[in-house]
Amino acid sequence: MNSEYDILLVEDSEEDRELATHVLRKEKLANQIFTARDGEEALDFVFCTGPFSERRCDQLPKLILLDLKLPKVDGIEVLRKIKSDPRTKVIPVVIMTSSREERDLVNGYHLGANSYIQKPVDFQQFREVVKQVGLYWLVTNQAPVSEEHAAASGA
Amino acid sequence: MKILMVDDNPADIDLVNEGLRRCGAKVELCAIHDGIEAVELLRGLETASLVRLILLDVNLPKVNGQAVLRQIKNDPILRRVPVVMFSTSRAARDIRGSYESGANSYVVKPGGLKDFLSAVRSLSSYWLECAILPAGSEHG
Chain A
640 MNSEYDILLV EDSEEDRELA THVLRKEKLA NQIFTARDGE EALDFVFCTG
690 PFSERRCDQL PKLILLDLKL PKVDGIEVLR KIKSDPRTKV IPVVIMTSSR
740 EERDLVNGYH LGANSYIQKP VDFQQFREVV KQVGLYWLVT NQAPVSEEHA
790 AASGA
Chain B
2 MKILMVDDNP ADIDLVNEGL RRCGAKVELC AIHDGIEAVE LLRGLETASL
52 VRLILLDVNL PKVNGQAVLR QIKNDPILRR VPVVMFSTSR AARDIRGSYE
102 SGANSYVVKP GGLKDFLSAV RSLSSYWLEC AILPAGSEHG
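These protein sequences, in sequence, are chains A and B.
Note that my numbering has the first sequence beginning at 640, numbered continuously upward.
Note that my numbering has the second sequence beginning at 2, numbered continuously upward.
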C-alpha cells in the first residue's frame with residue numbers, strides 16, 4: 640500500500656470532500672489525498688490501526704484537514720489524540736469547519752491545531768479557500784520530515 | 002491588529018514591514034530583538050491580549066527561538082496565539098523540534114529579495130485573510 644500521502648482530508652460531507660480533492664489536484668498542490676469520512680477512520684489511518692494496520696506508520700501526511708462535526712469520533716477528539724501522541728503531534732492539522740463558535744476556535748488552537756479555517760458556504764469561495772490553504776501548507780510551509788528521514792540526512 | 006516579530010536581524014524586520022505594506026495589510030508589526038525581551042513582553046497581559054500572530058526566528062541572542070516557543074506554548078493563555086517560525090534554518094532538527102514544541106507553522110526565510118517579499122505576501126494572505134485567529138486573550 641502506498642502510504643506516502645500529501646494530505647489526509649477528514650470530512651463527512653461527500654460534496655465537500657469531492658470539491659476539496661478536485662481543487663487540490665487541479666491546482667497541482669497534492670496528488671496523494673486520503674479521505675476519511677469520520678473520526679474513527681481518521682484515527683485508524685493516522686495510527687495505523689484497524690483496516691490500516693498494514694500501512695507504514697512512519698510516513699506522516701504533510702497536512703491534515705479536519706472537520707469538527709464528524710460521525711463516530713468528533714473532530715476535537717481526533718485533534719486531541721493526534722496532538723497528544725509524540726509520533727503524530729508534529730503533523731500540521733488545519734481545522735476546516737462551518738462552525739462559527741468562538742469556543743471551537745479557542746479550544747482548537749488550545750489543543751494544538753495549527754490553524755483554523757471557516758468553510759464558506761458559497762461554492763466559489765470554498766474553492767478559493769481550499770486553494771489558499773493548499774498553497775500555504777504545501778508550498779510556503781515547511782512540513783516536518785519523519786524521524787528516520789531526519790536521521791538519514793544526518794540532522 | 003498587532004503582529005509580534007522576534008528577530009535579531011533588523012534587515013529582515015524591515016523586509017517584513019515592506020512586504021506587509023506592499024500587500025496592504027492593516028497590521029502593526031511590533032519587533033523585538035531577543036528572546037528574553039519577547040517572553041517579558043508576552044507576559045505583560047495587556048500587550049499579549051493584542052498580539053494576534055507571532056513570527057519567531059530560531060536563532061536568537063540570549064534565549065533561542067525554541068525556548069521562547071516552549072514558554073509560549075506552555076502558558077495556558079498565550080498558547081492559543083499562532084506562532085510561525087520564520088528562520089533561515091532548513092535543518093530538519095530545527096523544523097521537527099519546532100513542531101514538537103508546538104509551532105503552528107515553519108516558514109524558511111528565502112535568501113533573495115523577491116522571494117522574501119513573496120513569502121511575506123503568502124504569510125499575510127494566509128494568516129491575516131484566510132485563517133481565523135483567536136481574539137485577544139482577554140476573551141478567553
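For each residue, glycine too, the CB sits at the ideal point set by N, CA and C.
Got a sec: is the Cβ-Cβ distance from G714(A) to anything in chain B below 8 Å?
Chain B, which has no Cβ nearer than 8 Å to the Cβ of G714(A), makes this no.
Beta-carbon spacing of K718(A), V732(A) below 8 Å:
The sequence given here places Leu at residue 718(A); Lys does not occur at that position. Closer than 8 Å, so yes.
For S737(A), I'd like the list of residues in its chain whose CB is within less than 8 Å of its CB, leaving aside the five on either flank, ordered along the chain.
K708, Q757, K758, V760
Cβ atoms of E650(A) and D706(A): under 8 Å apart, would you say?
yes
Do C31(B) and L5(B) have their C-beta atoms closer together than 8 Å?
yes
Alpha helix (DSSP H) segment containing Y622(A), residue limits:
This structure leaves residue 622(A) out entirely; chain A is present only between 640 and 794.
Between the Cα of F684(A) and the Cα atoms of Y644(A), N746(A), A782(A), which residue gives the shortest distance?
Y644(A)
Within the region 2-53 of chain B, note down every full alpha helix (DSSP H) run reaching 4 residues or more, in order along the chain.
For the region 2-53 of chain B, the continuous alpha helix (DSSP H) assignments of 4+ residues that do not extend past its boundaries occur at 11-23, 36-44, 46-49, in sequence order.
Report whether the distance from the Cβ of E716(A) to the nearest heavy atom of the ligand COA is below 7 Å.
Absent from the structure shown: the ligand COA. Ligands present: none.
Rounding to the nearest angstrom, what Cα-Cα distance links A794(A) and Q72(B) in this structure?
At A794(A) the pLDDT is 41, less than 50, meaning the model places this residue with poor confidence and gives no usable figure here.
Under a three-way DSSP split, which group does N641(A) fall into?
Below a pLDDT of 50, predicted positions are generally treated as unreliable, and N641(A), at 46, falls in that range; the measurement from the model is reported next regardless. Correct three-state label for N641(A): coil.
When you compare the CB of K728(A) with every CB in chain B, is at least one pair closer than 8 Å?
yes
Can you grab the Cα-Cα spacing for the pair G753(A) / A681(A), in whole Å?
Reading the sequence as shown, one finds Asn at residue 753(A) and not Gly. Just so you know, the alpha carbons of N753(A) and A681(A) end up roughly 17 Å apart.
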